[in-house]
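K.L.:
In the working numbering, the protein residues as written are 81 to 710. The structure under discussion is supplied below as structure tokens; questions concerning it will follow.
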Amino acid sequence: MSYRDVYAAWQADPEGFWMDAARAIDWDRMPSRAFFQQGPAGEWFADGMVNACWNAVDRQVEAGRGDQVAIIHESPITDSTRSLTYRELRDRVATLAGALRAKGVGKGDRVIIYMPMVPEALEAMLACARLGAIHSVVFGGFAAHELAVRIDDATPKAIITASCGVEPGRIVAYKPLLDRAIDEASHKPDFCVILQREQETAPLIPGRDVEWHSFQHGAEPAECVPVEGNHPAYILYTSGTTGQPKGVVRHTGGHLVALAWSIKNIYDIDAGDVFWTASDVGWVVGHSYICYGPLTVGATTIVFEGKPVGTPDAAAYWRAIRNHRVKCLLSAPTAIRAIRREDPEGDLISQYDLGHFKTLYLAGERADPDTVRWAEDKLGVPVIDHWWQTESGWPIAANPMGLERLPVKRGSPSVAMPGYDVRVLDDEGHPVPPATLGSVAIRLPLPPGTLPTLWNAEDRFIRSYLSHFPGYYETGDAGYIDEDGYLYIMARTDDVINVAGHRLSTGAIEEVLATHPAVAECAVIGVSDSLKGQMPLGLLCLKKGTTTPETQILSEVVGLVRDRIGPVAAFKTACVVDRLPKTRSGKILRATMVKIADGQPFKPPATIDDPAILDEIAGALGRVGYPRSS
81 MSYRDVYAAW QADPEGFWMD AARAIDWDRM PSRAFFQQGP AGEWFADGMV
131 NACWNAVDRQ VEAGRGDQVA IIHESPITDS TRSLTYRELR DRVATLAGAL
181 RAKGVGKGDR VIIYMPMVPE ALEAMLACAR LGAIHSVVFG GFAAHELAVR
231 IDDATPKAII TASCGVEPGR IVAYKPLLDR AIDEASHKPD FCVILQREQE
281 TAPLIPGRDV EWHSFQHGAE PAECVPVEGN HPAYILYTSG TTGQPKGVVR
331 HTGGHLVALA WSIKNIYDID AGDVFWTASD VGWVVGHSYI CYGPLTVGAT
381 TIVFEGKPVG TPDAAAYWRA IRNHRVKCLL SAPTAIRAIR REDPEGDLIS
431 QYDLGHFKTL YLAGERADPD TVRWAEDKLG VPVIDHWWQT ESGWPIAANP
481 MGLERLPVKR GSPSVAMPGY DVRVLDDEGH PVPPATLGSV AIRLPLPPGT
531 LPTLWNAEDR FIRSYLSHFP GYYETGDAGY IDEDGYLYIM ARTDDVINVA
581 GHRLSTGAIE EVLATHPAVA ECAVIGVSDS LKGQMPLGLL CLKKGTTTPE
631 TQILSEVVGL VRDRIGPVAA FKTACVVDRL PKTRSGKILR ATMVKIADGQ
681 PFKPPATIDD PAILDEIAGA LGRVGYPRSS
């Protein structure tokens, strides 16, 4: 069936569509129906009984894939590679789950996982799922205060961590951060499990801490515990505007159904394929498409401990794709921009046989057309931008390569997936005409796999997502839909700037700046202006080896914006910076830069990759006169 046929089938019979999709996973008890009108926004497969670990691990062994590799750990930072078969994974997860059960962890208990990018992080997630415990993964190395906030919100019975993480050129000790977080938190876990890594051994606190291997020694393997379809699989915290993180809840049944459908129909991945999501388990992409998604269909997944550049060079991705015969890579646009900046002609790509590589998928931040074009030219494969959120858990809009390859429109994540009725609304909640910028919203109900609520915060869930546009989920993104039904996400709603009464997308200006041959990466922010309300300000990172004078580049990019968007953009100021401040997932911290430029107090976001960069940005903005003196 074509995409249009499949989307029309969902529209005609949503209940039948999702009940049919539910047959792709194993149920201990099949749900009586798909959608249940309960909770603040409805729930899916609520009366079914299912286990996520069974679907991801045990049933693959039962299906004869026990000797197939389930997980490849690729660590250019430690110069090591290892793999686990499905049978080895099942046995390790069952033993860990048994050890947790012996310490009193059971269905509904919370377990925080604070781990680096090692296979044991996935084992910990799956062991929780095996018992019906609710895991909450927090980035390894996350600040102690932020971890303490999450401990108090989730009230975990146990915390699973490692002695350290390994970053380029440094070791990050996790145990001191964990100890400080537990000291600060009001809630105290019963025990902590510590994976001791060879790079650093952590001291253990007697009576609370236990070493990973000795903890499991002699444990009786645990069987899979069936849970209700609407039982929480995990809590994943996302930053909130108030500073208090929002605990996004994911229900087990809908999560599995959505991942099984999406990984086949969107990513074209099936049993035996090698699928690589170059992200961290602390992000939603790590939950959906490092851990649960690939394993649920019997694919091989890669856990990558490295960076796109500098570990040791800008060929890290291509080397891993060749070595492991990767079919599809899912990465962030910022990673591709970093590679392009180091290797603008793609010379390193040509050194590797990428014959098994079929598709590059981009998500996490808007993929500008120039980056997409460069990747298409250098890799010779489709480059598919797609759009989703922590809250959605799987793509909202995509090019469904497993159904059919739709025409690519650079700058667009393509079209809405079944289950998502995407609309663009004005400030009063009315639909806008095609190609008109507005707030992107999704008509309720949301499909399976999306958030049904926030952890212990139903009122905040309603206030944050459902109250502004009644009958819709508010995405917080701004964009438009063209005459062909293609969606364009141009900015976060807060990043739409108002210049003398004209609403302008920062993404549209960035798109123009990125076309300059010297620009590797850029960001545009709206800074306060006493006359026009806001003015756009550009920050440019230049390609390696650029010899054109900066003053010439800055003059040329101002001319480009004037030519392509017009004088209405009032784009007059840009500055060159060595790097842009980003989260660990690659999102550019535009709101933080706006506060710096406007001279407002700010707190570095907990997810920032390197706080020191903010001083560099402040210096660059100061050189072009921001903040303005009164």
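All residues carry an ideal CB built from backbone N, CA and C; glycine is no exception. None of these values were measured; they are calculated from a predicted model.
Below 7 Å CB to CB, which residues in the same chain sit around residue 557 once its five sequence neighbours on both sides are set aside?
P.N.:
These residues qualify, in order along the chain: 520, 569, 572, 573.
K.L.:
Check residue 369 in the structure and name its three-state DSSP category.
P.N.:
Looking at residue 369 - three-state DSSP - the assignment turns out to be helix.
K.L.:
So does the segment 324-331 actually touch the segment 373-387, counting three or more Cβ pairs closer than 8 Å?
P.N.:
Counting Cβ pairs under 8 Å, fewer than three are found: no touch.
K.L.:
Which same chain residues end up closer than 7 Å to residue 288 when comparing Cβ atoms and leaving out the 5 residues on each side of it in sequence?
P.N.:
Cβ neighbours of residue 288 beyond the five flanking positions: 271, 272.
K.L.:
Alpha helix (DSSP H) containing residue 327: first to last residue?
P.N.:
Segment 326-331 is the beta strand (DSSP E) holding residue 327; no alpha helix (DSSP H) there.
K.L.:
Mind checking whether residue 464 and residue 502 have CB atoms under 8 Å apart?
P.N.:
No; because the gap between Cβ atoms is not below 8 Å, this pair is not in contact.
K.L.:
Mind the definition here: the segment 503-522 touches the segment 327-344 only if three or more C-beta pairs lie below 8 Å; say whether that holds.
P.N.:
Counting Cβ pairs under 8 Å, fewer than three are found: no touch.
K.L.:
According to the Cβ coordinates, are residue 670 and residue 555 closer than 8 Å?
P.N.:
No, these two residues do not count as a Cβ contact at 8 Å.
K.L.:
Starting from residue 614, follow its DSSP beta bridges and name the residues at the other end.
P.N.:
608.
K.L.:
Fully enclosed by the segment 242-272, which alpha helix (DSSP H) runs are 4 residues long or longer?
P.N.:
Complete alpha helix (DSSP H) runs here, min 4: 255-264.
K.L.:
Where are the beta strand (DSSP E) runs, 3 residues long or more, that stay fully inside the segment 145-172, in chain order?
P.N.:
Runs found: 149-155, 160-165.
K.L.:
Alpha carbon to alpha carbon, how far is residue 97 from residue 338?
P.N.:
For residue 97 and residue 338, the distance between alpha carbons rounds to 12 Å.
K.L.:
Using DSSP with H/G/I as helix, E/B as strand and the rest coil, what is residue 688?
P.N.:
If DSSP states are grouped into helix, strand and coil, residue 688 belongs with the strands.
K.L.:
In the DSSP assignment, find the alpha helix (DSSP H) that holds residue 199 and state where it starts and stops.
P.N.:
Here the alpha helix (DSSP H) through residue 199 covers 199-211.
K.L.:
Would DSSP call residue 566 helix, strand or coil?
P.N.:
Residue state, collapsed to three classes: coil.
K.L.:
Do the segment 627-647 and the segment 667-686 meet, that is, are 3 or more Cβ pairs less than 8 Å apart?
P.N.:
The segment 627-647 is not in contact with the segment 667-686.
K.L.:
I need the straight-line Cα distance from residue 527 to residue 122, nearest angstrom please.
P.N.:
One C-alpha to the other measures close to 9 Å.
K.L.:
Per DSSP, residue 411 is paired with what?
P.N.:
Bridge partners of residue 411: 442.
K.L.:
Is the segment 178-188 in contact with the segment 220-234, if contact means three or more CB pairs nearer than 8 Å?
P.N.:
Touching, no.
K.L.:
Please report the Cβ distance between residue 700 and residue 648, rounded to the nearest whole angstrom; I am assuming they are in contact, meaning their Cβ atoms lie under 8 Å.
P.N.:
Their Cβ separation, rounded to whole angstroms, is 26 Å, which puts residue 700 and residue 648 out of contact at 8 Å.
K.L.:
State buried or exposed for residue 352, treating a residue as buried only when at least 16 other CB atoms are found within 10 Å of its CB.
P.N.:
That one is exposed.
K.L.:
Closer than 8 Å by C-beta to residue 496: which residues in its own chain qualify, once you throw out the five before and the five after it? Chain order, please.
P.N.:
Once the five neighbours on either side are set aside, the close Cβ partners of residue 496 are 87, 476, 477, 502, 565, 567.
K.L.:
Note down, in chain order, each residue of its chain lying with its Cβ closer than 8 Å to the Cβ of residue 251, except the 5 sequence neighbours on either side.
P.N.:
Once the five neighbours on either side are set aside, the close Cβ partners of residue 251 are 244, 245, 279, 280.
K.L.:
Residue 87 by DSSP, collapsed to three states: which one?
P.N.:
It is helical.
K.L.:
In whole angstroms, what separates the C-alpha of residue 509 from that of residue 549?
P.N.:
If you take the alpha carbons of residue 509 and residue 549, they lie about 6 Å apart.
K.L.:
Shortest alpha-carbon distance to residue 166 belongs to which of 404, 392, 148?
P.N.:
When each option's Cα is compared against that of residue 166, the closest is 148.
K.L.:
Report the option in 417, 256, 458, 461 whose CA atom is closest to the CA atom of residue 284.
P.N.:
Closest by alpha carbon: 256.
K.L.:
Helix, strand or coil for residue 129, going by three-state DSSP, please let me know.
P.N.:
Three-state result, residue 129: strand.
K.L.:
With distances taken from CA atoms, which of 438, 334, 138 is nearest residue 482?
P.N.:
For residue 482, the nearest C-alpha among the options comes from 438.
K.L.:
Taking the C-alpha atoms as reference points, what is the distance between residue 385 and residue 157?
P.N.:
Residue 385 and residue 157: Cα-Cα distance of roughly 7 Å.
K.L.:
How big is the Cα-Cα spacing for residue 291 and residue 313?
P.N.:
Cα to Cα, residue 291 sits roughly 25 Å from residue 313.
K.L.:
To the nearest angstrom, how far is the alpha carbon of residue 293 from that of residue 354?
P.N.:
Using only the alpha carbons, I get a separation of about 29 Å.
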